[in-house]
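Okay, structure first, notes after.
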Amino acid sequence: MAKQLRTRTEYTQERLEELQRVMGQIFAKKQNRRKRGGLFLVGGLCLAGAVVVAALYRKPLFPALLALWGAAMLFRGAFFYPLWARKAKKGMGAKTQVSEFVFEKADVLAFQNGKTAKYPYADCIRLLETRQCFYMIQSDGQGMMLDKENVRGGTADDLRVWLEEKCEKISEWVGKK
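In short: position in the sequence shown from 1, add 154, done, that's the working numbering.
Next up, the structure:
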């Protein structure tokens, strides 16, 4: 009898950043593009305004505050996903969250913080893949981030084949090119 496939996902800063990027690109692409574009626009306008005000009025305080605000907006735009991941991690608490997944014939069993949940393969509407994880998105909007590095009972390729067969979906590459 073959070993049962399992994986373990630790919600580290790196994993949460990837999760934010993937879910942002799949479910909120336009909104995130607008938010980031707005941050870059406001940041650039503030920096340009700081230069103009400094040249015209020779008063250092207001241009310095305007430049500082502009730099902060550019920073938020440039580090959009890492900042959202940091916020998510902070919401989880000091202890790193860990989920264990066991791949059974009809369901994925998920264990986290002493709680167990079953996710039927039949409810999978999308199967996504990045360099580090698979994402199994369910019809109710929930999803699982399945770490490739911690697969036991087989390889990441074995897990892909298993998920594609059980979910009847082809995994979509959504990782960085």
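Heads up, the beta-carbon is just placed ideally off N, CA and C, and yes, glycines get one too.
Leu159 in three-state terms, based on DSSP: Looking at Leu159 - three-state DSSP - the assignment turns out to be coil, as it is neither helix nor strand.
Are Leu170 and Ala242 touching if we call contact CB-CB under 9 Å? The beta carbons of Leu170 and Ala242 sit closer together than 9 Å.
Which residue marks the beginning of the beta strand (DSSP E) containing Val262, and which one marks its end? Here the beta strand (DSSP E) through Val262 covers Asp261 to Gln266.
For the beta strand (DSSP E) holding Glu254, just list the boundary residues, first then last. From DSSP, the beta strand (DSSP E) with Glu254 extends over Val252 to Phe257.
Measuring only the C-alpha atoms, how far is Met227 from Val206? Here the alpha carbons of Val206 and Met227 stand approximately 18 Å from one another.
Buried or exposed: which applies to Tyr211, given that a residue is buried once 16 or more other Cβ atoms fall within 10 Å of its Cβ? Exposed.
To the nearest angstrom, how far is it from the Cα of Lys183 to the Cα of Val196? Spanning the two alpha carbons is a distance of roughly 20 Å.
Backbone CA spacing between Arg272 and Ser253 [nearest angstrom]: For the sequence presented, residue 272 should be read as Lys rather than Arg. Approximately 13 Å between the Cα atoms of the pair.
Which of helix, strand or coil DSSP assigns to Ile324: Three-state DSSP puts Ile324 in coil, outside helix and strand.
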